[in-house]
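> According to the numbering used here, the sequence shown is numbered sequentially starting from 58.
Please read through the structure below; I'll follow up with questions.
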Amino acid sequence: AGKELKVSICVGACAEVLLAAATSMDFGADELEVASAMHEKGHGSPLKVGRCDNGILVPAECDYVLEARITLEETKEGPFVDITGTYDFERQQPVIEVDRIWARKDPVFHLLLPGGYEHYLLMGLPREPMIFKTVRQAVPRVRNVRLTEGGCCWLNGVVSIAKNKEGDGVNAIMAAFTGHPSMKQVIVVDEDVDIFDDRQVEWAVATRMQADRILMIPGAAGSSLDPSSHGKTTWKVGYDATIPMDADRSLYERARLDRNRGEPINYGQSVGRTRRWLRSDWVRTI
58 AGKELKVSIC VGACAEVLLA AATSMDFGAD ELEVASAMHE KGHGSPLKVG
108 RCDNGILVPA ECDYVLEARI TLEETKEGPF VDITGTYDFE RQQPVIEVDR
158 IWARKDPVFH LLLPGGYEHY LLMGLPREPM IFKTVRQAVP RVRNVRLTEG
208 GCCWLNGVVS IAKNKEGDGV NAIMAAFTGH PSMKQVIVVD EDVDIFDDRQ
258 VEWAVATRMQ ADRILMIPGA AGSSLDPSSH GKTTWKVGYD ATIPMDADRS
308 LYERARLDRN RGEPINYGQS VGRTRRWLRS DWVRTI
């Protein structure tokens, strides 16, 4: 405390480094180790690193590395467009002074488009394994987790569980909010609902629940990126769209077409497979 902090800013790093850097981990965890584990699984070799003149290890294949210092001075930053596609408010942030810049031959200075899918991927997707792990502590048979694109992959989510007892849906709601405190709306569905298909999720809400199964939490800490929040608090809403344990399940199940005559195409299936694969790696790595 009270001293400048040496840093190295990496631009143009590989996808594994970007995903590891964007993931919230326990204190003391090494993001480069996580990135290296993912790199080895995907490419068959660990991540190559090098040491800067300031003593900091960085990925060896970055396009740019900026050796710098985080100073004790602060200044206004922004306003910038954030993940919601709206302008965030100005914040007081530390000033960074750059001492040295390293670059590869023909480098590319990689920037992301705020509020676009790359922003969703890097900011929202790494939160899903954290939600998964937290919900699993409350409901062991959690099947899947998704932060929805319509909710900017930040504010709204869906959780799929296999209920073991009544109340699992509510427990999953509360655990999901704990796993991602910025989320303000979550829908919990049964495992037969494809959470990567928005129509199936809405169908579950429409056919498997009544309004008395909506959990509303006033005055909760939310996300500063939500322009509708008032001050530092928000209302959180959870929908338990699971079938009641004592109900006749046949009344709630969707009729299926004969396979010989074809079935509806699931457009969300390929995206779902990719995100499930990524998340399974995260859960094992962090």
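Yeah, the Cβ is synthetic: ideal placement off N, Cα and C, and Gly gets one too.
Just so we're clear, the structure is a prediction, and the values are computed from it rather than from any experiment.
Would you grab the beta carbon distance between Ala125 and Ile66 for me? Rounded to a whole angstrom, and I think it's under 8 angstroms.
Right, the Cβ-Cβ distance comes to about 6 angstroms (below 8 angstroms), so this counts as a contact.
> For Tyr309, does the three-state DSSP call read helix, strand or coil?
Note: Tyr309 maps to coil in three-state DSSP.
> Grab the span of the beta strand (DSSP E) containing Ile188 for me, first residue to last.
Run containing Ile188: none in the beta strand (DSSP E); it sits in the alpha helix (DSSP H), Arg184 to Ala195.
> Do you know offhand how far Gly294's Cα is from Ile274's?
A small correction: the amino acid at residue 294 is Val; Gly does not occupy that position in the sequence shown. Approximately 6 angstroms, taken between the alpha carbons.
> Hey, would you say Gly172 sits closer than 8 angstroms to Gly208, going by beta carbons?
Not closer than 8 angstroms, so no.
> With the cut-off set at 8 angstroms, would you say Arg270 and Asp297 are in Cβ contact?
Yes.
> Is Met240 buried or exposed, if buried means 16 or more other CB atoms sit within 10 Å of its CB?
When all chains shown are included, Met240 counts as buried.
> From the DSSP output, in three-state form, read off Leu123 for me.
It is a strand residue.
> I'd like to know whether the C-beta atoms of Gln194 and Asn213 end up nearer to each other than 8 angstroms.
In this structure, Asn213 does not lie closer than 8 angstroms to Gln194 by Cβ.
> From the DSSP output, which residues share a beta bridge with Lys293?
DSSP lists Ile274 as partners of Lys293.
> Quick one: is His237 buried, meaning 16 or more other Cβ sit within 10 Å of its Cβ, or exposed?
So His237 counts as buried.
> If you follow the alpha helix (DSSP H) that Asn228 is in, where does it begin and where does it stop?
Where Asn228 is concerned, the enclosing alpha helix (DSSP H) stretches over Asp225 to Gly236.
> Cα separation between Ile300 and Gly276?
One C-alpha to the other measures close to 29 angstroms.
> Taking the alpha carbon of Phe146 as the reference point, which residue from Pro284, Arg311, Met302 and Ala72 has its own alpha carbon closest?
The shortest C-alpha separation from Phe146 is found at Pro284.
> Could you please give the first and the last residue of the uninterrupted beta strand (DSSP E) stretch that includes Glu154?
Arg148 to Ala160 is the extent of the beta strand (DSSP E) around Glu154.
> Give me whichever residues DSSP pairs with Glu131 in a beta bridge.
Answer is Pro151, bridged to Glu131.
> Would you say the stretch 189-204 touches the stretch 151-169, given that touching needs at least three Cβ pairs under 8 angstroms?
Taking 8 angstroms as the limit for Cβ pairs, the verdict is that the stretch 151-169 does not touch the stretch 189-204.
> Is Met302 buried or exposed, if buried means 16 or more other CB atoms sit within 10 Å of its CB?
Exposed, by the Cβ-count rule.
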